[in-house]
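Chemist: Got a structure for you, questions after.
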Amino acid sequence: MTAMAGLEPQHFLWEAKDGVATVRLNRPDRKNPLTFESYAELRDTFRALVYADDIDVVVFLPNGGNFSSGGDVHDIIGPLTRMDMKGLLAFTRMTGDFVKAMIHCGKPIISAVDGVAVGAGAIITMASDIRLATPEAKTAFLFTRVGLAGCDMGACAILPRIIGQGRAAELLYTGRSMTAEEGERWGYYNRLVSADELEAEAMTLARSIASGPTFAHGITKTQLNQEWSMSLDQAIEAEAQAQAICMQTGDFRRAYEAFVAKQKPVFEGD
Numbered sequence: 001m002t003a004m005a006g007l008e009p010q011h012f013l014w015e016a017k018d019g020v021a022t023v024r025l026n027r028p029d030r031k032n033p034l035t036f037e038s039y040a041e042l043r044d045t046f047r048a049l050v051y052a053d054d055i056d057v058v059v060f061l062p063n064g065g066n067f068s069s070g071g072d073v074h075d076i077i078g079p080l081t082r083m084d085m086k087g088l089l090a091f092t093r094m095t096g097d098f099v100k101a102m103i104h105c106g107k108p109i110i111s112a113v114d115g116v117a118v119g120a121g122a123i124i125t126m127a128s129d130i131r132l133a134t135p136e137a138k139t140a141f142l143f144t145r146v147g148l149a150g151c152d153m154g155a156c157a158i159l160p161r162i163i164g165q166g167r168a169a170e171l172l173y174t175g176r177s178m179t180a181e182e183g184e185r186w187g188y189y190n191r192l193v194s195a196d197e198l199e200a201e202a203m204t205l206a207r208s209i210a211s212g213p214t215f216a217h218g219i220t221k222t223q224l225n226q227e228w229s230m231s232l233d234q235a236i237e238a239e240a241q242a243q244a245i246c247m248q249t250g251d252f253r254r255a256y257e258a259f260v261a262k263q264k265p266v267f268e269g270d
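Counting from 1, position 46 in the sequence shown corresponds to residue 46 in the numbering used here; the numbering is continuous, with no gaps.
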């Protein structure tokens, strides 16, 4: 296992305390676009989180009133128009690998959204486990606006599972913004929070999750994602095996002993 609390990334902001890490894209003057470099560094960071024993929850936060404007027009979209097929496929696989890394990092991920979350910024929120937003948040999968398909970075697989096929199809065909009210009503956002309370609410939720049985949380995240492609019989068997593993943890024993003693359990993640 490795320690990642002291990570010092070059292309985004990172802070970590008491098992909760926060990520902010850091170009607020341009609504926090992604670049080739930030994509790659985020991918590598989330890949490494699999082995980090000092990070239990990750929170994506806005910066300067916006979440992310997606791929930078000048730093990404312009160069893509001049690439050959080999280079283009390397790029699209790299961005997809970022989503895979988020899904497989073993840590619950919360996105706290204010302002714009569009393009790849919307994808980050989609690939998170839990989403909070301000009433002003605007979320758009706007790939069609730049002449591309809506099937970007797993959107056609993941988005329908969150909001339903018809709603996802409308957003992916039109590229229009989903309002915060729509997002909450459709189940995309868990709840709406005022801008001045957003970060505190997200951090309170993150700390609550981090204080729980974190090994078991990792199992929950794995099952939430793997069971998409399982039959019901396979899923029930997978959960039987997963729960048997969790029943051998110290946290399971601690919870029982605390219950008997009429105390609140203190989980240690093992």
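Backbone N, C-alpha and C define an ideal beta-carbon position, used for all residues, glycine too.
(1) Using a 10 Å radius around the Cβ and a threshold of 16 neighbouring Cβ atoms, would you call residue 151 buried or exposed?
(2) Check whether the segment 80 to 87 and the segment 126 to 133 touch, using three or more Cβ-Cβ pairs below 8 Å as the test.
(3) Please look up how many angstroms separate the CB atoms of residue 51 and residue 94, rounded, as I've assumed it's under 8 Å.
(4) Whole-angstrom Cβ separation of residue 56 and residue 210, contact assumed at under 8 Å?
(5) In its own chain, which residues sit with a C-beta less than 8 Å from the C-beta of residue 48, not counting the 5 before and 5 after it?
(6) Excluding the 5 residues flanking residue 15 on each side, which residues of the same chain have their C-beta closer than 6 Å to its C-beta?
(7) Only counting the same chain, and skipping five residues up and downstream in sequence, which positions put a Cβ closer than 6 Å to that of residue 59?
(8) Looking at C-alpha atoms only, which residue of 90, 9, 257 and 137 is the closest neighbour of residue 193?
(9) Since residue 63 contacts residue 26 with CB under 8 Å, what's their CB separation in whole angstroms?
(10) Could you check where the alpha helix (DSSP H) with residue 178 kicks off and where it finishes?
(11) Does DSSP classify residue 194 as helix, strand or coil?
(12) Just to confirm, is the Cβ distance from residue 117 to residue 71 under 9 Å?
(13) According to DSSP, is residue 215 part of a helix, a strand, or is it coil?
(14) Measuring CB to CB, does residue 219 end up less than 9 Å from residue 146?
(15) Once DSSP output is grouped into helix, strand and coil, what is the label at residue 109?
(16) Label residue 217 either buried or exposed according to how many other C-beta atoms from any shown protein chain fall within 10 Å of its C-beta, with 16 as the threshold for buried.
(17) At the level of alpha carbons, what is the spacing between residue 175 and residue 108?
(18) Can the beta-carbon of residue 142 be found less than 9 Å from the beta-carbon of residue 122?
(19) Between the C-alpha atoms of residue 252 and residue 224, what's the straight-line distance to the nearest angstrom?
(20) Curious, which full-length beta strand (DSSP E) runs of at least 3 residues does the segment 29 to 110 contain?
(21) Let me know the secondary structure DSSP gives residue 15 once reduced to three states.
(22) Could you tell me whether the Cβ atoms of residue 19 and residue 204 are closer together than 9 Å?
(23) Where does residue 124 land, buried or exposed, given buried means 16+ other C-beta within 10 angstroms?
(24) Pop quiz: residue 199 and residue 112 are said to be a contact at Cβ under 8 Å. What is the actual Cβ separation, rounded to whole angstroms?
(25) Taking buried to mean at least 16 other C-beta atoms within 10 Å of its own C-beta, is residue 171 buried or exposed?
(26) Who are the near neighbours of residue 11 in its chain, counting only those whose CB is closer than 6 Å to its CB and skipping five residues on each side?
(27) Considering only DSSP beta bridges, list what residue 21 is partnered with.
(28) What does a CB cutoff of less than 6 Å around residue 269 pick up in its chain, not counting 5 residues either side in sequence?
Modeler: Taking the geometry as given:
(1) Here residue 151 corresponds to residue number 151 of the sequence shown, with the count starting at 1. Under this definition residue 151 is an exposed residue.
(2) no
(3) Position 51 of the sequence shown holds residue 51. Position 94 of the sequence shown holds residue 94. 21 Å between Cβ atoms; not a contact.
(4) By one-based count along the sequence shown, residue 56 stands at place 56. By one-based count along the sequence shown, residue 210 stands at place 210. So it is a contact: roughly 4 Å between Cβ atoms.
(5) Residue 48 sits at position 48 when you count from the first residue of the sequence shown. Contacts found: 2 and 4.
(6) On the sequence shown, residue 15 is found 15 positions in, with the first residue counted as 1. Only 22 meet the Cβ criterion.
(7) Along the sequence shown, one-based indexing puts residue 59 at 59. Correct list, in chain order: 22, 110, 202 and 206.
(8) Within the sequence shown, residue 193 is the residue found at index 193, counting from 1. Looking at the Cα atoms, 137 is the closest of the given residues.
(9) Locating residue 63 in the sequence shown gives position 63, counting from the first residue. Locating residue 26 in the sequence shown gives position 26, counting from the first residue. With a Cβ gap of about 6 Å, residue 63 and residue 26 count as contacting.
(10) Looking up residue 178 in the sequence shown gives position 178. First-last for residue 178: 177 to 179, but that is the beta strand (DSSP E), not the alpha helix (DSSP H).
(11) As a first step, residue 194 must be located in the sequence shown, where it is residue number 194. DSSP places residue 194 in coil when its eight states are reduced to three.
(12) By 1-based counting over the sequence shown, the position of residue 117 is 117. By 1-based counting over the sequence shown, the position of residue 71 is 71. Against a cut-off of 9 Å, the Cβ pair of residue 71 and residue 117 comes out as no contact.
(13) Here residue 215 refers to the residue found at position 215 when the sequence shown is read from its first residue. In this structure, residue 215 counts as helix in the three-state DSSP scheme.
(14) Here residue 219 is taken as the residue at index 219 of the sequence shown, counted from 1. Here residue 146 is taken as the residue at index 146 of the sequence shown, counted from 1. In this structure, residue 146 does not lie closer than 9 Å to residue 219 by Cβ.
(15) Taking the first residue of the sequence shown as 1, we reach residue 109 at position 109. Reduced to three states, the DSSP call for residue 109 is strand.
(16) Here residue 217 corresponds to residue number 217 of the sequence shown, with the count starting at 1. So residue 217 ends up on the buried side.
(17) If you number the sequence shown from 1, residue 175 lands on position 175. If you number the sequence shown from 1, residue 108 lands on position 108. Computed Cα separation, rounded: 28 Å.
(18) Reading the sequence shown from its first residue, position 142 is the one you call residue 142. Reading the sequence shown from its first residue, position 122 is the one you call residue 122. Yes, they are a contact pair.
(19) Taking the sequence shown and counting its residues from 1, the one referred to as residue 252 is at position 252. Taking the sequence shown and counting its residues from 1, the one referred to as residue 224 is at position 224. Between residue 252 and residue 224, the C-alpha separation is close to 20 Å.
(20) 57 to 60
(21) Here residue 15 refers to the residue found at position 15 when the sequence shown is read from its first residue. In this structure, residue 15 counts as strand in the three-state DSSP scheme.
(22) Position 19 of the sequence shown, counted from the start, is the residue given in the question as residue 19. Position 204 of the sequence shown, counted from the start, is the residue given in the question as residue 204. Cβ atoms of residue 19 and residue 204: not closer than 9 Å.
(23) The sequence position of residue 124 within the sequence shown is 124, counting from 1. With 16 or more other Cβ atoms within 10 Å, it is buried.
(24) As a first step, residue 199 is located in the sequence shown; it is residue number 199 there, counting from the start. As a first step, residue 112 is located in the sequence shown; it is residue number 112 there, counting from the start. 6 Å between Cβ atoms; contact.
(25) On the sequence shown, position 171 is the one that residue 171 refers to. Answer is buried; the Cβ neighbour count reaches 16.
(26) As a working mapping, residue 11 is identified with position 11 in the sequence shown. Excluding sequence neighbours, residue 11 sits near 37, 38 and 41.
(27) On the sequence shown, position 21 is the one that residue 21 refers to. Beta-bridge pairing links residue 21 to 16 and 58.
(28) In the sequence shown, the residue the question calls residue 269 occupies position 269. Taken in chain order, the residues that qualify are 214 and 215.
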